[in-house]
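Residue numbers (my numbering): 10 to 56.
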């Protein structure tokens, strides 16, 4: 295994832990884009 460092720390809100979406998606080999006009996040993973 490898150690990875997140740019932001996870946040605990209520009984849930939130982690940065881009960090997890890129670890899984996906590309993350943000469309500011649509206020939409697009995650693409090529097989």
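C-beta: ideal position from N, C-alpha, C; glycine also. Computed from a predicted structure; not experimentally measured.
Residue 29 is not a Cβ neighbour of residue 40, given a cutoff of 8 Å. Between the alpha carbons of residue 46 and residue 56 lies a distance of about 28 Å.
Cβ contact annotation for residue 53 (same chain, cutoff 7 Å, sequence separation greater than five): 39 and 40, in chain order.
DSSP places residue 31 in the uninterrupted alpha helix (DSSP H) bounded by 30-36. Inter-residue distance for residue 10 and residue 36 is about 12 Å (C-alpha atoms, whole angstroms).
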